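Chemist: In terms of UniProt numbering, the sequence shown opens at residue 1 and continues consecutively. One structure coming up, written as structure tokens, with questions to follow.
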Amino acid sequence: MGDVARIIAAIRGDKAALAGSFAVLFFIVLCLGGGLVVPYSAATMPNLSMAMLLPGEKGTLLGTDELGRDMLARIIWGGQNSLVIGLTSAILGALPGVMIGLFAGYYSESPISTAVMRLMDVLLAMPRILLGIIVVAILGPGEFSISLAIGVSTIPSFARITRASTLALRGAVFVEASRAIGNYDSVTLAKHILPNILSPIIVQFTLDAGQAILMASGLSFLGLGPQPPAAEWGLMIAQARVHLFSNPQLVLIPGLCLLFVTLGFNIVGDSLRDAIDPSLGRVSRSIRSAGLVTAR
1 MGDVARIIAA IRGDKAALAG SFAVLFFIVL CLGGGLVVPY SAATMPNLSM AMLLPGEKGT
61 LLGTDELGRD MLARIIWGGQ NSLVIGLTSA ILGALPGVMI GLFAGYYSES PISTAVMRLM
121 DVLLAMPRIL LGIIVVAILG PGEFSISLAI GVSTIPSFAR ITRASTLALR GAVFVEASRA
181 IGNYDSVTLA KHILPNILSP IIVQFTLDAG QAILMASGLS FLGLGPQPPA AEWGLMIAQA
241 RVHLFSNPQL VLIPGLCLLF VTLGFNIVGD SLRDAIDPSL GRVSRSIRSA GLVTAR
């Protein structure tokens with residue numbers, strides 16, 4: 001509970017984190033809750049007599065696309081697909097990544113641990129989008145394939161941060177006490193080490209969730225995600241790009257939704273990271289103010 005309380009306090013005390021949290025929660029409520037009100041058929045069934053309506057015309061809040069499908073309905077159902085794929089892939093990456101990191105950190109002298117972390121380094125060196133394309137090319141396009149592809153690409157980041165945190169706690173007094181009373185290593189890891197390294201894992205999950213949503217849209221843009229007539233923000237942008245100059249709202253609306261959700265997750269993740277490690281936040285801000293790197 002201490003980690004959770006510290007995270008909540010960090011968000012409440014940071015205006016940027018509050019704004020990012022509001023953006024994320026707004027789209028989660030809009031997309032998941034809106035799907036209970038807006039029928040799926042409104043996002044997928046063509047109605048050519050209503051094609052290319054501008055926002056506000058004929059009672060449509062956001063207008064319609066080239067096939068007469070309601071843009072608000074497609075934003076809601078497309079956002080639902082984007083969020084579910086992004087969050088599912090982050091979970092699929094976190095679970096094995098954390099287990100690998102715990103093992104590699106606790107048994108750091110083991111040759112198996114060294115070999116596993118070298119494999120993580122190889123995966124980390126590969127561009128995520130390329131790794132995702134390879135996995136989807138093997139499994140075929142679709143929601144499950146794209147979730148698994150992105151999940152595999154996020155495993156190394158969770159493994160590395162979990163390993164580093166485990167190494168820092170491996171010699172702690174309470175860990176030595178757990179071993180001294182005869183606890184199995186699995187009990188020591190699950191009851192004493194894992195609860196004390198949740199903060200950096202949660203931060204990494206928040207950052208990777210935003211990146212996963214963006215990557216999911218990128219793969220969908222390339223035609224490797226959900227297939228038409230399904231709605232997904234990246235797929236919507238891909239289908240509407242031919243109308244960019246004549247009807248720019250068809251690209252701008254899903255693009256802005258994607259921007260705000262990704263930015264929201266990144267802001268929350270950065271704020272939590274700075275709260276957990278204030279020195280890192282100060283160094284990061286100093287580097288940015290010096291103009292050595294640009295803010296993400």
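All residues carry an ideal CB built from backbone N, CA and C; glycine is no exception. All of these numbers come straight from a predicted model, not from anything done at the bench.
Taking one C-beta from the stretch 65 to 82 and one from the stretch 28 to 38 each time, how about it: are there three or more such pairs within less than 8 Å?
Modeler: Yes, they touch.
Chemist: Please report the distance separating the alpha-carbon of N47 from that of A23.
Modeler: Within the sequence shown, residue 47 is the residue found at index 47, counting from 1. Within the sequence shown, residue 23 is the residue found at index 23, counting from 1. When rounded, the distance between both Cα atoms is 32 Å.
Chemist: Is it a yes or a no for the stretch 59 to 68 touching the stretch 234 to 250, going by three-plus beta-carbon pairs under 8 Å?
Modeler: Segments in contact, yes.
Chemist: Determine contact between the stretch 145 to 163 and the stretch 89 to 100, defined as no fewer than three beta-carbon pairs at a distance below 8 Å.
Modeler: The answer is yes - the stretch 89 to 100 touches the stretch 145 to 163, with three or more Cβ pairs under 8 Å.
Chemist: At the level of alpha carbons, what is the spacing between D274 and V251?
Modeler: In the sequence shown, the residue the question calls residue 274 occupies position 274. In the sequence shown, the residue the question calls residue 251 occupies position 251. Approximately 34 Å between the Cα atoms of the pair.
Chemist: Would DSSP call T162 helix, strand or coil?
Modeler: The residue labelled residue 162 in the question sits at position 162 within the sequence shown. Here T162 sits in helix by DSSP.
Chemist: How many whole angstroms separate the CB atoms of A43 and A73, which I take to be in contact at a CB cut-off of 8 Å?
Modeler: Here residue 43 refers to the residue found at position 43 when the sequence shown is read from its first residue. Here residue 73 refers to the residue found at position 73 when the sequence shown is read from its first residue. Yes, A43 and A73 are in contact; Cβ-Cβ is about 4 Å, under 8 Å.
Chemist: Using 8 Å as the threshold, is the C-beta distance between L194 and S108 below it?
Modeler: If you number the sequence shown from 1, residue 194 lands on position 194. If you number the sequence shown from 1, residue 108 lands on position 108. No.
Chemist: Between L256, E232, P248 and S271, which has its C-alpha nearest Y40's C-alpha?
Modeler: As a first step, residue 40 is located in the sequence shown; it is residue number 40 there, counting from the start. Taking only the C-alpha atoms, the option nearest Y40 is E232.
Chemist: Just to confirm, is the Cβ distance from T206 to G132 under 8 Å?
Modeler: Taking the first residue of the sequence shown as 1, we reach residue 206 at position 206. Taking the first residue of the sequence shown as 1, we reach residue 132 at position 132. No, the Cβ-Cβ distance between T206 and G132 is not below 8 Å.
Chemist: Looking at T154: is its Cβ nearer than 8 Å to the Cβ of G93?
Modeler: On the sequence shown, residue 154 is found 154 positions in, with the first residue counted as 1. On the sequence shown, residue 93 is found 93 positions in, with the first residue counted as 1. The answer is yes: Cβ separation under 8 Å.
Chemist: Tell me whether T88 sits in a helix, a strand or coil according to DSSP, three-state version.
Modeler: Here the question's residue 88 lines up with position 88 in the sequence shown. Of the three classes helix, strand and coil, the one that applies to T88 here is helix, per DSSP.
Chemist: Run through DSSP, which three-state label would A290 get?
Modeler: Counting from one through the sequence shown, the residue named residue 290 turns up at place 290. At A290 the pLDDT is 38, less than 50, meaning the model places this residue with poor confidence; the figure from the coordinates comes in the next sentence. Here A290 sits in coil by DSSP.
Chemist: Going by DSSP, which residues form a beta bridge with residue 304?
Modeler: Residue coverage of the chain in this structure runs from 1 to 296, which leaves residue 304 outside it and unanswerable.
Chemist: Taking G264 as the reference, which of L214, P226 and A230 has the closest Cα?
Modeler: Working through the sequence shown from its first residue, we reach residue 264 at position 264. The shortest Cα separation from G264 among L214, P226 and A230 belongs to L214.
Chemist: Please determine if the stretch 213 to 228 and the stretch 137 to 150 are in contact, where contact requires at least 3 C-beta pairs separated by less than 8 Å.
Modeler: Yes: the two stretches touch, three or more of their Cβ pairs being nearer than 8 Å.
Chemist: Helix, strand or coil for G20? Go by DSSP, reduced to three states.
Modeler: Position 20 of the sequence shown, counted from the start, is the residue given in the question as residue 20. Reduced to three states, the DSSP call for G20 is helix.
Chemist: What is the rounded straight-line gap between the Cα of I237 and the Cα of P226?
Modeler: As a position in the sequence shown, residue 237 is number 237, starting the count at 1. As a position in the sequence shown, residue 226 is number 226, starting the count at 1. Using only the alpha carbons, I get a separation of about 13 Å.
Chemist: Taking A164 as the reference, which of S113, I181 and G140 has the closest Cα?
Modeler: In the sequence shown, counting from the first residue as 1, residue 164 sits at position 164. With distances taken between Cα atoms, A164 lies closest to S113.
Chemist: Could you work out which residue in G140, L18 and L235 is closest to N266 when comparing CA atoms only?
Modeler: Counted from its first residue, the sequence shown places residue 266 at position 266. Of the listed residues, the one whose Cα sits closest to N266 is L18.
Chemist: Using CA coordinates, which residue listed in L119, A104 and I91 is at the minimum distance from A209?
Modeler: One-based indexing of the sequence shown puts residue 209 at position 209. Ranking L119, A104 and I91 by Cα distance to A209 puts I91 first.
Chemist: Let me know the secondary structure DSSP gives N196 once reduced to three states.
Modeler: What you label residue 196 is simply residue 196 of the sequence shown in a count that begins at 1. Looking at N196 - three-state DSSP - the assignment turns out to be helix.
Chemist: In its own chain, which residues sit with a C-beta less than 8 Å from the C-beta of L124, not counting the 5 before and 5 after it?
Modeler: To locate residue 124, count along the sequence shown from 1; it is residue 124. P156, S157 and R160, listed in sequence order.
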